[in-house]
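Chains as they are written, first to last, in this note's numbering: chain A, 1 to 219; chain B, 220 to 450.
Using N, Cα and C, we set each Cβ at its ideal position, and we do this for glycine too.
Note sheet for the following structure.
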Amino acid sequence: MNTHHPDQLLLLSQAAGRLDAGASLVLATHIEMCPGCRAQMRELEALGGVLLDQIEPVELAAGAFSRTLERIDAAASFAPRPPARVKATRPDLPAGLQWPHSLDGCSISPWHRIGPDMRWSRVDLPQQRDARVFLLRMGAGRMLAAHTHSGREVTQVLYGAFEDGRAAWHAGDFDEADETIHHRPQVTADGECICLVALQGPLRFDGLLARALGAWMGI
Amino acid sequence: MGMNTLTAPLPLSLRLDAQVARRPAPGHLSVMSSPSRPSRMPTPDELSAWIRAVADPGDRAAFAALFRHFAPRIKAFLMRGGADAALAEELAQEAMVNVWRKAASFDPARAQASTWVFTIARNLRIDYARRGLDGAREQSAGDAADELTDELADAAPTPPEQLAAGQIEHGVREALGKLPEDQALLLRLSFYEEQPHADIAKALSIPLGTVKSRIRRAMEQLRRALGHLQP
Ligand SMILES: [Zn+2]
């Protein structure tokens with residue numbers, strides 16, 4: 001049972017469809033891994049359904065129904081396209097760890113080395129090319145350079161655990177940080193850690209070297 | 220066509236008077252001029268039966284009934300979210316095309332009809348925001364194919380957590396009805412508006428800084444009314 005869950009407001013924004021693509025992907029990954037948040041999301045979507053029923057309707061223009069039928073007939077004459085699923089090449093994962101289904105439509109780059117025992121992979125979202133989403137894979141005890149954020153940073157731990165002085169996050173846990181949080185995440189001693197991260201704006205690293213590296217990674 | 224332009228949000232006074240839940244307006248769509256039909260809210264079971272009839276055997280009368288209930292609501296939902304009338308009209312039709320296309324993957328054990336249609340309309344709004352009108356259409360055509368493969372993959376028995384879609388929607392409806400009006404309003408605006416937090420601050424004349432805690436309290440209240448124990 002994991003202990004760090006997304007804030008209620010983040011779940012609400014997800015249900016209402018108001019999150020950017022990157023944060024939405026990371027949240028979907030958490031929901032996939034967390035039965036409790038999955039149950040809450042079902043309630044919030046049901047709330048969306050109830051609110052749709054209760055909204056004051058706005059009539060459509062005359063002929064809207066027959067135009068819709070025409071579109072359906074026109075679409076039926078095309079064979080459905082094969083689903084655009086990009087699963088082809090995937091970087092390796094530790095034995096026993098599966099890719100979450102939330103990443104099915106994404107293309108994921110090979111692991112790039114960014115330091116001793118530290119690797120990074122870019123996640124490309126078909127629906128938003130400029131989203132800053134990536135995977136970070138670091139060995140036991142490794143530490144990410146100290147940084148703060150410009151905008152929201154959301155993280156889902158896929159494997160292993162890290163801590164940053166605030167608390168410890170384990171596989172299945174979710175974290176949200178913003179410009180008020182300055183931290184230096186460190187992988188726990190038990191083993192390596194893999195996280196899925198989405199950034200709203202670039203990270204602000206303290207050190208020059210880390211800053212240059214961040215710029216190269218596009219984060 | 221200049222349809223992919225979002226208008227400035229309506230003046231708040233105009234939007235706020237449209238927020239009270241009412242029964243559907245008596246005006247019917249011109250195409251479904253069946254004067255004998257009373258204009259009452261269809262039950263969730265009726266809506267489900269119509270969607271199943273659309274899936275098989277492609278029943279157009281059932282689709283017309285769904286259209287009459289949902290299309291004007293989807294249009295309203297999109298307009299509240301910042302779309303102008305022409306764009307909302309266009310996307311509402313597209314959403315109903317998706318209802319037709321995806322009807323076969325509708326599973327009332329997973330989500331009730333209104334919830335299912337809400338997610339279709341919401342996803343279309345997301346696709347439009349990210350990719351524009353053509354992108355949204357393309358995406359929804361691709362989704363329809365995905366749904367089909369998902370359905371084949373999901374032949375496994377439904378896990379227990381998914382057994383109670385009807386109870387969830389019913390419970391949420393009741394719980395929402397028990398909330399004080401200002402809390403229900405907070406939740407409505409959170410779903411409808413394009414800039415929920417800013418809009419809520421304006422609508423309730425409260426500082427932006429307290430909006431989040433107010434929404435959080437409304438959500439806790441809803442969960443309490445749903446029977447969850449929350450401090
Ligand atoms: Zn959770």
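{"Item": "Residue burial classification, residue 307 (chain B) (beta-carbon count within 10 angstroms, cutoff 16)", "Value": "buried"}
{"Item": "Contacts that residue 431 (chain B) makes with chain A (C-beta to C-beta distance below 7 angstroms)", "Value": "9"}
{"Item": "DSSP bridge partner residues for residue 203 (chain A) (one or two, in chain order)", "Value": "A:149"}
{"Item": "Interface residues of chain A facing residue 406 (chain B) [CB-CB closer than 7 angstroms]", "Value": "47"}
{"Item": "Rounded straight-line distance, which links the Cα of residue 217 (chain A) to that of residue 220 (chain A)", "Value": "The displayed coordinates of chain A run from 1 to 219. Any statement about residue 220 (chain A) would go beyond what the structure contains."}
{"Item": "Residue of A:139, A:134 and A:214 minimising C-alpha distance to residue 108 (chain A)", "Value": "A:134"}
{"Item": "Candidates B:295, B:415 and B:446, of which the one nearest residue 54 (chain A) by Cα", "Value": "B:295"}
{"Item": "Status (buried if at least 16 other CB within 10 Å, exposed otherwise) for residue 428 (chain B)", "Value": "exposed"}
{"Item": "Any non-hydrogen atom of ligand 1 within 6 angstroms of residue 193 (chain A) CB", "Value": "no"}
{"Item": "Alpha helix (DSSP H) segments (min. 4 residues) lying fully within the segment 30-61 of chain A", "Value": "35-54"}
{"Item": "Interface partners of residue 330 (chain B) on chain A, CB under 8 angstroms", "Value": "42, 45, 46 and 49"}
{"Item": "Assigned exposure category for residue 418 (chain B) - 16 Cβ within 10 Å defines buried", "Value": "buried"}
{"Item": "Interface residues of the segment 278-293 of chain B facing chain A [CB-CB below 9 angstroms]", "Value": "279, 282, 283, 286, 287, 288, 289, 290, 291, 292 and 293"}
{"Item": "C-beta contact flag for residue 44 (chain A) and residue 15 (chain A) at 7 angstroms", "Value": "yes"}
{"Item": "Partners in chain B for residue 222 (chain A), counting only beta-carbon separations shorter than 9 angstroms", "Value": "Absent from the structure is residue 222 (chain A), since the part of chain A shown begins at 1 and ends at 219."}
{"Item": "Nearest-angstrom Cα separation, counted from residue 279 (chain B) out to residue 62 (chain A)", "Value": "18 angstroms"}
{"Item": "Cβ shell of residue 398 (chain B) (< 8 angstroms), same chain only, five flanking positions each side left out", "Value": "406, 437, 440, 441 and 444"}
{"Item": "Any non-hydrogen atom of ligand 1 closer than 6 angstroms to residue 96 (chain A) Cβ", "Value": "no"}
{"Item": "Limits of the beta strand (DSSP E) - the one that residue 162 (chain A) falls within", "Value": "161-163"}
{"Item": "Chain B residues whose Cβ lies nearer than 9 angstroms to that of residue 229 (chain A)", "Value": "Here chain A has residues from 1 to 219 only, and residue 229 (chain A) is not among them."}
{"Item": "Cut-off 6 angstroms between Cβ atoms - residues of its own chain near residue 111 (chain A), not counting five sequence neighbours on either side", "Value": "91, 119 and 121"}
{"Item": "Minimum C-alpha distance to residue 11 (chain A) - residue among B:383, B:284, B:386 and B:409", "Value": "B:409"}
{"Item": "heavy atom of ligand 1 below 6 angstroms from residue 5 (chain A) C-beta", "Value": "yes"}
{"Item": "Alpha-carbon to alpha-carbon, residue 446 (chain B) and residue 342 (chain B)", "Value": "29 angstroms"}
{"Item": "Residues, ordered as in the chain, of the segment 55-72 of chain A that lie near chain B by beta-carbon distance below 8 angstroms", "Value": "55, 56, 57, 58, 59, 60, 61, 62, 63, 64, 65, 66, 67, 68, 69, 71 and 72"}
{"Item": "Residue 162 (chain A) beta carbon less than 7 angstroms from that of residue 126 (chain A)", "Value": "no"}
{"Item": "Residue 37 (chain A) Cβ short of 6 angstroms to ligand 1 heavy atom set", "Value": "yes"}
{"Item": "Buried or exposed (CB count within 10 angstroms, at least 16 for buried), residue 232 (chain B)", "Value": "The predicted model places residue 232 (chain B) with a pLDDT of 36, which falls under 50 and marks its position as unreliable; any figure quoted below should be read in that light. Exposed, by the Cβ-count rule."}
{"Item": "DSSP state of residue 433 (chain B) mapped onto helix, strand, coil", "Value": "helix"}
{"Item": "Chain A contact residues for residue 312 (chain B), given Cβ-Cβ distances below 8 angstroms", "Value": "60, 64, 67, 68 and 71"}
{"Item": "Reference residue 68 (chain A); option with closest CA among B:262, B:336, B:333 and B:316", "Value": "B:316"}
{"Item": "Neighbour list for residue 308 (chain B) in chain A, Cβ cutoff strictly below 7 angstroms", "Value": "60, 61 and 64"}
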